[in-house]
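Chemist: Input: one structure, supplied below.
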Amino acid sequence: MTVAFGLVGATLDRAPRDARRWEKWRPSVGLCQQPDLLIDRYELLHQPAYTALAQTVAKDVALVSPETEVRLHEVAMDDPWDFEEVYGALYDVASGYAFDVETEDYLVHLTTGTHVAQICFFLLTEARYVPARIVQTSPGSEGDAAGEARIIDLDLSRYDRIAAREAQHHADVRSYLKSGIETRNAAFNALIDEIERVAIGSRSPILLNGPTGAGKSRLARKIYELKRSRGQVAGAFVEVNCATLRGDAAASALFGHVRGAFTGAIKDRGGLLREADGGILFLDEIGELGLDEQAMLLRALEEKAFLPVGADKERESDFQLIAGTNRDLREAVATGSFRDDLLARIDLWTFELPGLAERREDIAPNLAFELAGFEREHRRQVRFSREAQARFLRFAEGADAPWTANFRDLNAAVTRMATLAPGGRITDEVVDGEIARLRRHWRGTDRLGGDALLVEVLGEARVAALDRFDRVQLADVIRVCRQSRSLSDAGRTLFAESRKRRASTNDSDRLRKYLAKHGLAWADVQA
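According to this note's numbering, the stretch in the sequence shown is residues 162 to 688, in order.
Here's what the structure looks like:
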């Protein structure tokens, strides 16, 4: 059964009362005269002032299409050009109608009514408050009172070219957020897809968790540039590393101060929150922020206002917050170093950025990206020999390369190899030198090696009682734990291969039991 909704046209639906009315095209009547479109029921809406006209239209529809049942609905609209009033009136009609999509096919006739009414009916249909397709009628050739009708389906997935264009747009956005790097890690690509939807559809705070060098700052800036390109932000991108803010200077840097607020305050300072008004404030390492500054930040997020140091008058700033951290903020809440109410406020959209060691299949495309960046910056071309590139990737993608500083390590490695490349060609010798340098660097970043690390954690007596096999294994486990943000993160790294062969995994429980076997807990190895 086909059911049409339409508005009586105060001008287009009028016609002389005599036989000449059949010579004039009238949209509401013409819709029911289409040879290939049978309207079983016509829900015809009209203002109280046009009741008589609506009744005439209904009678004429009965003459040209006896199969069509016309139901008249009086809709009160004092001003048919008032968008709010018209939308509200049509919304009431739609929300109060008993749609039966299983047995009825719905059409919305958009030819009659004011332009405002047509727009409102379109919006209600596009939002699926009216589960219908659009039908548009137009005059036919001279003397053809029925005119022509065309149905438009708003389900964009039915249109191949539109769907392809939409898919390409999303692909472009994802590529943009990834700086054009064709990443291969499925979990990371899925993460970027979700970040894209959140970046475009939300102004709530975003929390980026991840180890140092995982790309939090770059991604935050890309989110800002994406929103700015779509007109969603007009202000600046303001970035600060909270680890650099200490003591009284922290509140002054973030919230500003007035002249004379403290010794050295010789003039007013607006503060970073003020600079970010209308834009995005990126607070990297937010876990390092002091408790007083956390309280002030929470109020600024909730009320869009803050009090500069020494001021008695508030200032306003409407910004979106992106926060970055390499700490487990829930653990910080448990130890009292981070406010639970602030975490609750910024934890709506939390994304865990994996380190480079967790995305080894992405090392090759990132290697090409870093080399291209070096070429742009230094304005000279540098290339790997085929053998040298394969040699470096075998090392880089292997389990023995921890990539403790993540992409910062990779960037530094590429910069050194490209700088030392004879004639702009990175050779086996250059790669071997860099591999040796990285290994020395990573050994140096372990504060304590082997037995010394175990002595720190267990004490000399307990270490002496361990077999050599257990000492080597436990030392490696503790090193991984210290490089990881959480018990789960460490478990995923330690059991990366065996977990692929298991139907279900609980890496954190498995690691917890291993540590307990040696009388240790997570807090012991993190000390």
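Glycine included, C-beta positions come from ideal geometry on N, C-alpha and C.
Under a three-way DSSP split, which group does L442 fall into?
Modeler: Strand, per DSSP.
Chemist: With 16 as the cutoff for other CB atoms within 10 Å, does W242 come out buried or exposed?
Modeler: Flag for W242 reads exposed.
Chemist: Can you confirm whether the region 564 to 582 touches the region 623 to 633 when touching is taken to mean that 3 or more C-beta pairs between the two stretches lie within less than 8 Å?
Modeler: No, the region 623 to 633 is not in contact with the region 564 to 582.
Chemist: Could you spell out the range, first to last residue, of the alpha helix (DSSP H) harbouring G534?
Modeler: Unbroken alpha helix (DSSP H) run through G534: 524 to 539.
Chemist: Which residues does DSSP list as the beta-bridge partners of Q297?
Modeler: Its beta-bridge partners are R311.
Chemist: Among A597, A250, E536, which has the Cα closest to the Cα of A557?
Modeler: Considering only alpha carbons, the answer is A597.
Chemist: With distances taken Cα to Cα, identify the nearest neighbour of L199 among A306, T163, R389.
Modeler: The candidate whose alpha carbon is nearest that of L199 is T163.
Chemist: How would you write the range of the beta strand (DSSP E) that E621 sits in, first residue to last?
Modeler: First-last for E621: 621 to 625, but that is the alpha helix (DSSP H), not the beta strand (DSSP E).
Chemist: Return the chain-ordered list of same chain residues with a C-beta closer than 8 Å to the C-beta of F244, the five sequence neighbours on each side being excluded.
Modeler: V277, I280, C281, listed in sequence order.
Chemist: Within 10 angstroms of the Cβ of A348, are there 16 or more other Cβ atoms? Answer buried if so, exposed if not.
Modeler: Burial call: exposed.
Chemist: Could you pull the start and end residues of the alpha helix (DSSP H) that Q279 belongs to?
Modeler: Looking at the DSSP string, the run of the alpha helix (DSSP H) that includes Q279 is 276 to 287.
Chemist: In whole angstroms, what is the alpha-carbon distance linking K678 and Y385?
Modeler: Cα-Cα distance, rounded: 48 Å.
Chemist: From F416, G408, V334, G396, pick the residue whose C-alpha is nearest to that of L380; which is it?
Modeler: Comparing Cα positions, the closest option is V334.
Chemist: Which residues does DSSP pair with W510 in a beta bridge?
Modeler: Paired residue(s): I367.
Chemist: So the beta strand (DSSP E) Y689 belongs to, where does it begin and stop?
Modeler: Limits of the chain in this structure are 162 at one end and 688 at the other, which puts residue 689 out of reach.
Chemist: Looking at the structure shown, is R476 part of a helix, part of a strand, or coil, going by DSSP?
Modeler: Looking at R476 - three-state DSSP - the assignment turns out to be strand.
Chemist: I'd like the list of long-range same chain contacts for G516, defined as Cβ closer than 6 Å, with 5 residues on each side in sequence excluded.
Modeler: Answer for G516: P372, A375, N567, listed in chain order.
Chemist: Quick one: Cα of H255 to Cα of K220, how far?
Modeler: The sequence given here has Ala at residue 255, not His. Whole-angstrom Cα-Cα distance: 25 Å.
Chemist: Is F416 near A461, with beta carbons less than 9 Å apart?
Modeler: Contact: yes.
Chemist: Does the Cβ of E519 have 16 or more other Cβ atoms within 10 Å, making it buried, or fewer, making it exposed?
Modeler: With 16 or more other Cβ atoms within 10 Å, it is buried.
Chemist: Could you please give the first and the last residue of the uninterrupted alpha helix (DSSP H) stretch that includes N572?
Modeler: From DSSP, the alpha helix (DSSP H) with N572 extends over 568 to 581.
Chemist: Residues in its own chain within less than 8 Å of A293 by CB, not counting five upstream and five downstream?
Modeler: Cβ within range, chain order: F166, Y267, L268, V269, T286.
Chemist: Inspect the beta-carbon positions of V231 and V222 and report whether they are closer than 9 Å.
Modeler: In contact: V231 and V222 (Cβ atoms closer than 9 Å).
Chemist: Look up N346 in the DSSP assignment and say whether it is helix, strand or coil.
Modeler: Here N346 sits in coil by DSSP.
Chemist: Tell me which residue opens and which closes the alpha helix (DSSP H) that E454 is part of.
Modeler: First-last of the alpha helix (DSSP H) with E454: 452 to 464.
Chemist: Check each candidate in R358, R632, E617, K339 and name the one with the smallest Cα separation from P526.
Modeler: Comparing Cα positions, the closest option is K339.
Chemist: Return the first residue and the last residue of the alpha helix (DSSP H) that F416 is part of.
Modeler: Run containing F416: 409 to 416, per the alpha helix (DSSP H) assignment.
Chemist: Is S365 buried or exposed, if buried means 16 or more other CB atoms sit within 10 Å of its CB?
Modeler: Exposed is the call here.
Chemist: Count Cβ pairs between the region 484 to 499 and the region 436 to 455 that sit closer than 8 Å; are there 3 or more?
Modeler: Short answer: they touch.
Chemist: Using DSSP's beta-bridge definition, name the partner residues of I483.
Modeler: Answer is I367, F443, bridged to I483.
Chemist: Using a Cβ-Cβ cut-off of 6 Å (strictly less than) and excluding sequence neighbours within five positions of D593, which residues of its own chain qualify?
Modeler: Result list for D593: empty, nothing under 6 Å.
Chemist: So A437 and G396 are in contact, right, with Cβ under 8 Å, and what is the actual spacing, rounded?
Modeler: Between G396 and A437 the Cβ distance is about 6 Å, and since that is below 8 Å, they are a contact.
Chemist: What whole-angstrom Cβ distance do I441 and F398 have, given they're in contact under 8 Å?
Modeler: About 5 Å separates the two Cβ atoms, so the contact holds.
Chemist: If you reduce the DSSP assignment to three classes, tell me which class R586 lands in.
Modeler: In the structure shown, R586 sits in a strand (DSSP, three-state: E or B).
Chemist: Quick check: what's the CA-CA separation for A551 versus N667?
Modeler: For A551 and N667, the distance between alpha carbons rounds to 35 Å.
Chemist: Could you tell me which residues DSSP pairs with T239 in its beta bridges?
Modeler: It should be pointed out that residue 239 corresponds to Asp in this sequence rather than to Thr. Looking at the DSSP assignment, D239 forms no beta bridge with any residue, so it has no partner.
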